[in-house]
Amino acid sequence: MSLYLFVIAGHDTAYRGEYIRHDVSWRHSWKCSFAGMLSTLSSEASIFIMTIITTDRYLSIVYPLMLRRRTMIFSGSCVTASWILAAAIAIIPSFNLGYFGDEFYGNNGVCLPLQIHDPFSKGWQYSMVVFCGINSLAFGFITYAYTSMFITISRSKLGLRSSQQQQDRTIAKRFAFIVVTDMLCWVPIIVIKILSVSGMTIYSELYAWVAVFMLPINSALNPVLYTLTTKLFKQQLARIVYTWRAGGVQVECQPESSGISMTSAPGNAKWSKQNASYSTSDLDRSISRSSLISANSRTSTRCNWPSPLAYIVYQNNCF
Numbered sequence: 013m014s015l016y017l018f019v020i021a022g023h024d025t026a027y028r029g030e031y032i033r034h035d036v037s038w039r040h041s042w043k044c045s046f047a048g049m050l051s052t053l054s055s056e057a058s059i060f061i062m063t064i065i066t067t068d069r070y071l072s073i074v075y076p077l078m079l080r081r082r083t084m085i086f087s088g089s090c091v092t093a094s095w096i097l098a099a100a101i102a103i104i105p106s107f108n109l110g111y112f113g114d115e116f117y118g119n120n121g122v123c124l125p126l127q128i129h130d131p132f133s134k135g136w137q138y139s140m141v142v143f144c145g146i147n148s149l150a151f152g153f154i155t156y157a158y159t160s161m162f163i164t165i166s167r168s169k170l171g172l173r174s175s176q177q178q179q180d181r182t183i184a185k186r187f188a189f190i191v192v193t194d195m196l197c198w199v200p201i202i203v204i205k206i207l208s209v210s211g212m213t214i215y216s217e218l219y220a221w222v223a224v225f226m227l228p229i230n231s232a233l234n235p236v237l238y239t240l241t242t243k244l245f246k247q248q249l250a251r252i253v254y255t256w257r258a259g260g261v262q263v264e265c266q267p268e269s270s271g272i273s274m275t276s277a278p279g280n281a282k283w284s285k286q287n288a289s290y291s292t293s294d295l296d297r298s299i300s301r302s303s304l305i306s307a308n309s310r311t312s313t314r315c316n317w318p319s320p321l322a323y324i325v326y327q328n329n330c331f
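All residue numbers for the sequence shown refer to the working numbering, where the first residue is 13 and numbers rise by one.
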């Protein structure tokens, strides 16, 4: 989608103030067709991949005992098939076929094959099937799948006991939020397409809003949502903030059979293995005196922490 925006923005800058002179040549050029293919490829591939991920989550949560473990090869094959199918959908209209005419992608200045201002132009059935049929089926399945997942999790008696159930629940909630943002992007487009076919007059100026706001905002939000909603990102961010507030102290922990070795940033206190360890025989006698000793791992530490925040950093790194 970013490549599509670069193409449109570049030609918008080049034709600024005199676009009317280049309108016909631009809409019939291979560059406009290429931009239209990029937009279709991006949107359809995104929907197909979301459907695959939803299917995987659905089978894992609703039917956890009926599905064998998936492999990376199988997952890669599904994603590759999604890209191939999306590419085929985008490329077919560019062939010199009478059904599509020569303005399927060049029907408007932003090269989107929605055909909302002229709903019955050549190839309108193809556009209707892709943007209303396929996309509606995909979002219908996604809605059903997530509804079933939440019902299954809420009814499960192991929901509060099983760590796997808790993990599945967290993943389902996070991805459901991503799906909702995608639906907020695509549902208006589907509704507009249906209204145009129903006979309602849709002005061509709406293409600019679709091209600049609706489609790009979805592509821009997905990476942010995938990153900011992960536990790993939050842990790393908290660790950076704590380290900065502690004056650059960084605690590195390496559990060993007799203790934990820790180092700090240059200019701060240093902990060595000699002054931060207990022998095995001393371990049982020192459990009651130190909350930093772990009886399970048979490791312990004895340090003079430079600040309370340094200890917080240590806890985040080790536990």
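From the three backbone atoms N, C-alpha and C, an ideal C-beta is built for every residue, glycine too.
- DSSP places F86 inside the alpha helix (DSSP H), whose first and last residues are 84–103.
- Pairing K185 with I73, the inter-Cα distance amounts to about 12 Å.
- Contact between the region 202–211 and the region 109–118 is absent: fewer than 3 CB-CB pairs across the two stretches fall below 8 Å.
- Closest option to S41, judged by alpha-carbon separation, among N120, C90, S89: N120.
- P131 is not a Cβ neighbour of V19, given a cutoff of 8 Å.
- Of T213, P228, C197, L97, the smallest CA-CA separation from I61 is found for L97.
- In this structure, the CA atom of S51 is about 18 Å from the CA atom of G145.
- Distances from the CA of L196 to each of R33, V141, C90, S148 were compared; the closest alpha carbon is that of S148.
- Judged by beta-carbon spacing, R28 lies beyond the 8 Å limit of G118, meaning their Cβ atoms are not closer than that value.
- If you draw a straight line from the Cα of V122 to the Cα of A99, it is about 19 Å long.
- Taking the CA atoms as reference points, F116 sits about 52 Å from V253.
- When the five nearest sequence neighbours on each side are left out, the beta carbons in the same chain lying within less than 6 Å of the beta carbon of E56 are those of A98, I101, in order along the chain.
- Membership of G110 in any alpha helix (DSSP H) is not indicated, and neither H nor E is assigned to it by DSSP.
- Distance check between T67 and each of S160, V192, L249, L207 places S160 closest, using alpha-carbon atoms only.
- By the C-beta density criterion, M84 is exposed, having fewer than 16 other C-beta atoms within 10 angstroms.
- Going by DSSP, I252 is part of the alpha helix (DSSP H) stretching over 243–257.
- Here the C-alpha atom of K43 lies approximately 28 Å from the C-alpha atom of V199.
- The beta-carbon separation of I59 and A150, rounded to 5 Å, stays under the 8 Å limit for a contact.
- Nearest to I103 by alpha-carbon distance, out of A47, L77, W136, is A47.
- For the options Y156, P105, S166, H129, the alpha carbon positioned closest to that of V142 is the one of P105.
- Taking the Cα positions, A188 is about 19 Å away from Y75.
- Here A223 is buried, its C-beta having at least 16 other C-beta atoms within 10 Å.
- The Cβ neighbour count for S54, taken over all protein chains shown within 10 Å, is at least 16; the residue is labelled buried.
- Note on D194: 16 or more other CB atoms within 10 angstroms of its CB, so buried under the neighbour-count rule.
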